[in-house]
Structure formats: C-alpha cells, structure tokens
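Participant:
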Amino acid sequence: MSFDFELTNKPVIAILLGAPFTSQNYERIGVPYLKVNFEVVVLDCNPWLRARYDSLFFIEHDYPKIVTITSAANFKNVIRQLKPAYAIDNINDISSRRFIQKTLQLHGTKYVIPVTGRLPAPSRGQRVNEYLEMVVKQPYGFLLKVIRRVLIYIKESRIYEPDIVLLAGRKSLDSYTASAKNILWVASGDYYIYKNIQDRSAYQNMSLPVQGRYALFIDDCIAIATDYILLGSSRPVESESYFILLRQAFDRLERITGMQVVVAAHPHGKDIKNYTSLFGERQVFFDLTGELCMNSDLVLSHVSTGMGFAALWRKPLIILTSESLDKSWLSACIRTLSNYLDCQLLFMESDDQRYEEVLQQSKDMNEEAYKHFIDDFIRSDEVNEVAPWQAFTNFVKQSSDGV
C-alpha cells in the first residue's frame, strides 16, 4: 500500500488511536508537540477495534498524516511499511495489546504507553459491596462481569512489558507499568495548561468573558458522551431527566448564592447538536476550563478530570450527584472522588437547607487532600520538564536512537 503523504528523514513515531480523532485528541495524544522533532503518523485503529465506531458523529481533525486501520492484517502491513522507531499506544485495549506488541517487536519498534489523566479508583471494599449487590439484584450480570474479569486477567498475563511508560502521578505506577524498561515521570495535560495560564497571567491582564462572581460547572458529558458507544457500555443516567434536574440545581445555587453558574463545556459538546442549550440560559465556554477555574469562586462537577484544576487553583469544590446517579455504575467513582478530595457530595434533589449546609462546608477546603490528589494523579515530585512530551523527547535525544 502507499500513503497519501511523504515522510522526511526524521524518526517515525506511530500514534495508535482508539478514540475519535478530534481537535481535543489531536492535542491530547501529543501530535503538535511531537511533530517538531519526529515524523508523526496517526494510526486510527477504531474501524479495526471499535465495533460501533461507524455510528459516531464527530468533526475529525485535518492533520494529514493519518492512516485508517481496518484489520489486524492491515495493521501488520502498515507497520511493516512505516517501520516506526516508536509506537505510542493510546488505545488501552487489553485484548489487542499482545498482538500489537508482537507486531511492533518484529520491526524493532519500541512500545510506549502514556498513563495520564487518571482519577481515583473505587477501593476493593467498594467493589466487593458493588459485586454483592449485583449477586442479589443482577445474578446474570454478575456472572458476565466475573467472566470478563477472568478473561482480562488471562490476557493481561500474556502481554509483554512496555519499553517506555510515561506516568503522571504516583498512582499511575502499578505492577504493569513498574515492569517497563524505562519509566519517564511526566505531568498530566491539564498541569501544562495550568502552568501556561500562570505564566500568561504573570505578565499580562487576562481578560475572561465572564463578569462578576460565578460558580463553574465542569461538564463531563455523563449523559450524552459518545464514549459509551465506543466502549459498548450503558449511560449512567437518562439524558432528559438528568438535564432537567441539573438546570434546577443550577437555579437553586444561583438563587441561594447570588452567583451565576457558568459552564466549562466538554469537548464532545462541539459534536452534539444544541449542546449549549441543555444548560438553560447560561454562558457555556469551550477550551477555557483552566482559565475559568482560576477566577471562579466555586467549582462543581461529577467525575471530570478537569477537577484537577480546582485542586491546582485551590478552589472550593462540590461534587454533584443524584438519586439516579447514586444507583448507577458511576456511583462508586463519584463517591470515591468526593472522599479522595475530602469535598462535599451534594444530591441535586436536596432542599435549600442542605444546599446551604454544603455551600458553607465547601469553604473549608482540605489543602492536604488537594496536595495528595495532585501528587497522585497530576504531577509527582519527580517531574521537572516544562512542556508536554518534553521528557519523552529528551529521552529519545539522549538514547542511541537519537533524533
């Protein structure tokens, strides 16, 4: 096969993609930073690995060096022709990992895994309680879950150690990532945004499009995200009733506090018709989460990784939930995050008195909990680079492969 682009004499990096190639993911997987020193080719593995990928609607980034992978044989052929020096796996699919690793090994390609943007996982005790509840209420579903876990364990035991892992925060180090030949400590993407905002605000007056005091809701698109389609999982809540309740919660917060609620939009919203209208007559902004968080008086969310900005800027934080969410598979994640950050959990159906109590309690932030969250999931003490992907680029420059 031939490619629709030309390659220079720079070392080739293949980025394996398992999510839609949107503008957000173009940044997230590092293309604009890596292409300075490398020939970056994106391998879109979705048609090969994601059964329902064709049903998604999204605006694809116009980066020209992208190859669509339609099958395992197609992947083998592309790797054979590209002969990349490195392959960065952004698919996170255990079932295909061994095959990918073996294919890369045949062509001398180093296998790289970035582990950034994680959130606290429910404890073993929480999982046990969840499973016990499933045994009673959904015995068939419990059996399927056990079978899936066994299959994943078998597949995990057969994969090879990675050549390089990029780890953001102490909790990204587990038994598998610890087996890597080279461990590079980095920071999450949000940390670099935070540092950039700090640098800009230090020498210029940052003008934001919001006037007056406000609470910031960081949307995580839990009711309408396309991720559920790709992963074949169910949404935790029904979208219509969720947004009615969310707007009512915003109305109540605005009435009690006298502050407006402003929405930091989820990137998926760019591909969702009438997305901004779902939040009522409120200001909704894309690509400004860090900046909006810096000037906010209060931060609200469910389980968004964007809450890292609240920890970095030391902002009062309230985790929103509902009776419906608390009965869903997302409940353990929401409660775990609330416990980890030692911040208030607010059921949106609550009365005014409960809202007032939570608002008052949210002012008493646990600085130590915020610091632990930053160390565990955003940036550990080992990090000293100043730009995304700098640690990886420096490593390659200093290795025998060079650039």
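The opening position of the sequence shown corresponds to residue 996 in my numbering, with each subsequent residue numbered one higher.
Note that beta-carbon positions come from the ideal geometry of N, C-alpha and C, so glycine has one too.
1) Is it buried or exposed for Phe1000, if we count other Cβ within 10 angstroms and need 16 for buried?
2) Count the other CB atoms within 10 Å of the CB of Pro1204; is the residue buried (16 or more) or exposed (fewer)?
3) I need the DSSP call for Asp1194, collapsed to helix, strand or coil.
4) CB-CB under 6 Å to Ala1163, same chain, minus the five flanking residues each way: which ones, in chain order?
5) Taking buried to mean at least 16 other C-beta atoms within 10 Å of its own C-beta, is Pro1383 buried or exposed?
6) What does DSSP give as the partner residue(s) for Leu1293 in the beta ladder?
7) Note down, in chain order, each residue of its chain lying with its Cβ closer than 7 Å to the Cβ of Pro1117, except the 5 sequence neighbours on either side.
8) Starting from Asn1177 and walking both ways along the beta strand (DSSP E), at which residues does that stretch end?
9) Give the single residue among Thr1221, Val1257 and Ser1229 whose Cα lies nearest to the Cα of Arg1208.
10) Distance check for Tyr1058 and Val1398, CA to CA, integer angstroms please.
11) Would you decide whether Ser1031 is buried or exposed? Buried here means 16 or more other CB atoms lie within 10 Å of its CB.
12) Restricting to runs no shorter than 3 residues, where is the beta strand (DSSP E) found entirely within the segment 1276-1340?
13) Please classify Phe1387 as buried or exposed, where buried requires at least 16 neighbouring CB atoms within 10 angstroms.
14) Give the DSSP-derived three-state secondary structure of Lys1366 in the structure shown.
15) When the Cα of Lys1322 is compared with those of Arg1023, Glu1233, Phe1052 and Arg1045, which residue comes out closest?
16) Roughly how many angstroms separate the alpha carbons of Glu1156 and Ser1229, rounded to a whole number?
17) Could you say which of Tyr1335, Asp1215, Asn1269 and Pro1311 lies nearest to Phe1368 if we only look at CA atoms?
18) Is the shortest distance between the beta-carbon of Met1254 and the beta-carbons of chain D less than 8 Å?
19) Determine the burial state of Ile1251: buried for a count of at least 16 other Cβ atoms within 10 Å of its Cβ, exposed for fewer.
20) Excluding the 5 residues preceding and the 5 following Leu1241 in the sequence, name in chain order all residues of the same chain whose CB lies nearer than 6 Å to its CB.
21) Whose C-alpha, out of Ala1220, Met1289 and Phe1245, is nearest the C-alpha of Lys1268?
Facilitator: Reading from the atomic positions:
1) Against the sequence shown, residue 1000 aligns to sequence position 5. Burial call: exposed.
2) Residue 1204 sits at position 209 when you count from the first residue of the sequence shown. Exposed is the call here.
3) Residue 1194 sits at position 199 when you count from the first residue of the sequence shown. Three-state DSSP puts Asp1194 in a helix.
4) Your numbering for residue 1163 matches position 168 in the sequence shown. Contacts found: Thr1111, Val1181, Ala1182 and Ser1183.
5) Position 388 of the sequence shown, counted from the start, is the residue given in the question as residue 1383. It is buried - the Cβ of Pro1383 has at least 16 other Cβ atoms within 10 Å.
6) Your numbering for residue 1293 matches position 298 in the sequence shown. Bridge partners of Leu1293: Ala1210.
7) The sequence position of residue 1117 within the sequence shown is 122, counting from 1. Closer than 7 Å at the Cβ level, and outside the excluded window around Pro1117, lie Ala1327, Cys1328 and Thr1331.
8) Stepping through the sequence shown from its first residue, residue 1177 is reached at position 182. That run of the beta strand (DSSP E) goes Asn1177 to Val1181.
9) Along the sequence shown, read from residue 1 onward, the residue named residue 1208 stands at position 213. With distances taken between Cα atoms, Arg1208 lies closest to Val1257.
10) One-based indexing of the sequence shown puts residue 1398 at position 403. One-based indexing of the sequence shown puts residue 1058 at position 63. Because the pLDDT of Val1398 is 49, which lies under 50, any placement of that residue in the model is unreliable, and the number read from its coordinates should be weighed accordingly. Cα to Cα, the separation comes out at about 22 Å.
11) Taking the sequence shown and counting its residues from 1, one reaches residue 1031 at position 36. Reading the sequence as shown, one finds Val at residue 1031 and not Ser. Exposed, because fewer than 16 other Cβ atoms sit within 10 Å of the Cβ of Val1031.
12) 1293-1296 and 1312-1316
13) Taking the sequence shown and counting its residues from 1, one reaches residue 1387 at position 392. Flag for Phe1387 reads buried.
14) Reading the sequence shown from its first residue, position 371 is the one you call residue 1366. Lys1366: helix per DSSP, three-state reduction.
15) Reading the sequence shown from its first residue, position 327 is the one you call residue 1322. That would be Glu1233, whose Cα lies nearest to the Cα of Lys1322.
16) Within the sequence shown, the letter at position 161 stands for residue 1156. Within the sequence shown, the letter at position 234 stands for residue 1229. Rounded to the nearest angstrom, the two C-alpha atoms are 32 Å apart.
17) Residue mapping note: residue 1368 aligns to position 373 of the sequence shown, counting from 1. Nearest of Tyr1335, Asp1215, Asn1269 and Pro1311 to Phe1368, Cα basis: Tyr1335.
18) Absent from the structure: chain D. Only one protein chain is present.
19) Counting from one through the sequence shown, the residue named residue 1251 turns up at place 256. Classification for Ile1251: exposed.
20) What you label residue 1241 is simply residue 246 of the sequence shown in a count that begins at 1. Counting only Cβ-Cβ distances below 6 Å, and skipping sequence neighbours, we find nothing.
21) For this step, residue 1268 is matched to residue 273 along the sequence shown. If we check each option's Cα against that of Lys1268, Ala1220 comes out closest.
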